[in-house]
Structure formats: structure tokens, C-alpha cells
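Data block below; observations after.
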Amino acid sequence: MSRPREFDVDRVLHQSMEVFWNQGFKATSYEDLTRTTGVKKQSLYCVFNDKRSLFLKALALYREQVVAKLKEIEALETSPGDKLDALRYSLLDDETGCQGCLIVNASLEFGTDDEQVTREAELMAEEIQLILEKIISSGQKQQLISNRFTSIELASYLYNTILGVRVMEKSGSSREQIETVLRTSFGMIMS
Numbered sequence: 001m002s003r004p005r006e007f008d009v010d011r012v013l014h015q016s017m018e019v020f021w022n023q024g025f026k027a028t029s030y031e032d033l034t035r036t037t038g039v040k041k042q043s044l045y046c047v048f049n050d051k052r053s054l055f056l057k058a059l060a061l062y063r064e065q066v067v068a069k070l071k072e073i074e075a076l077e078t079s080p081g082d083k084l085d086a087l088r089y090s091l092l093d094d095e096t097g098c099q100g101c102l103i104v105n106a107s108l109e110f111g112t113d114d115e116q117v118t119r120e121a122e123l124m125a126e127e128i129q130l131i132l133e134k135i136i137s138s139g140q141k142q143q144l145i146s147n148r149f150t151s152i153e154l155a156s157y158l159y160n161t162i163l164g165v166r167v168m169e170k171s172g173s174s175r176e177q178i179e180t181v182l183r184t185s186f187g188m189i190m191s
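Last residue of the sequence shown? That's 191 in full-length UniProt numbering, and every number before it is there in order.
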């Protein structure tokens, strides 16, 4: 008979995600993970198999959290312009800003050498751009957002802006610099 787990898997996954987010995959040791989570190495292995599997689960969790936050903004009962403002403010007020984006960080760390990391980045891009496209399309129908480009093109543009802002955060750009980029980029798509 197997022993019951002695730790909260979700809590450990969140804590591990924070470690990877702060240090990156390669710089994170199992000792870092066990120290942060308070879980022994063998117990982590039993649940997550290895550091790489734990990292991939952390990436998926991060993606799910980011997409859920954006879906909340999309569901607001406000105009598309107000939704885009809410998104812009959420990017500015993100307390994790100096960490950048975990998936962007991982993409920069691995490049295109790791198919699974690349797939997580692609999934996040697809999901976020779809949500942005819905907001933009609605705004275009109401003539609040420019029709000069398609909603798909504008969603791709804003997604690229968001990624750029995350890199700016990680590299130490000031809040004022980031705010200028966001205000300009979001303002350029408005009618």
C-alpha cells in the first residue's frame, strides 16, 4: 500500500513556478526547489518525475493563469475600449513585472531548441491573440477601434507589444518607459 502524499501538490507547483520564474530553468537546482517548497527531492520525483516535467507543468500553470486573467477582462460588461484600458492598466499594475513573463523568459532561455517549451509559448500566443481579437473585433464593429487593419492583425500587434513590455520589465526599464510604450501602442489602434 502506498503512503499518502504529505504535501499540497498545487501549492508546490505554484512555489516551483515562482522559483523557475525568478531563476530560469537551467539555474534552478533541485535544492532550490526543495528549499522553497519544503518537500524532499524523492517526494518531488514521485509526483513530478523530474525537474523538466515540473518546469513544463509550471509553464502550463503560468499560461493558464495569464489566459484566465485576460478572459476576466474580456468578460467585463464594458466597452471594448474600456476592456483594452483594463488590460493596459493590468500590465502596468502587475506586481510581478520585474520578473517579466515566465514563458517569454523560457523562450529566451531555450530558443527553439525545446519543442515542448515552444509549444507552451505557441499555445499562450494563440489563446491571448484570440481573446484580443474578440475585443478588437467588437470595437471595430462599434467604430471605436481602427478598421485600417484586421482584428487579427491588430491582436497580433498588441500581443507583440505585451511581449515587448515583458522583456522591458525583465531588463529593468522604468515604469514610465513601459507606460509610454503601452499608451502609444494601445492608442494607435483606436479610431
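Each residue gets a CB set at the ideal place from its N, CA and C atoms; glycine is no exception. This structure is a prediction, so every number in the text was calculated from the model and none was measured.
- As a beta-bridge residue in DSSP terms, residue 145 pairs with 190.
- Annotation: the continuous alpha helix (DSSP H) that includes residue 106 extends over 102–110.
- Leaving aside the five residues that flank residue 32 on each side, the residues in its chain whose CB is nearer than 8 Å to its CB run, in chain order, 19, 23.
- One thing to note: residue 166 has its Cβ within 8 Å of the Cβ of residue 100.
- Annotation: the continuous alpha helix (DSSP H) that includes residue 47 extends over 41–48.
- Taken through DSSP and simplified to helix, strand or coil, residue 25 comes out as coil.
- Contact check between the segment 138–152 and the segment 76–91: three or more CB pairs, one atom from each, fall below 8 Å, which counts as touching.
- In terms of CA proximity to residue 171, 108 leads the group 152, 108, 186.
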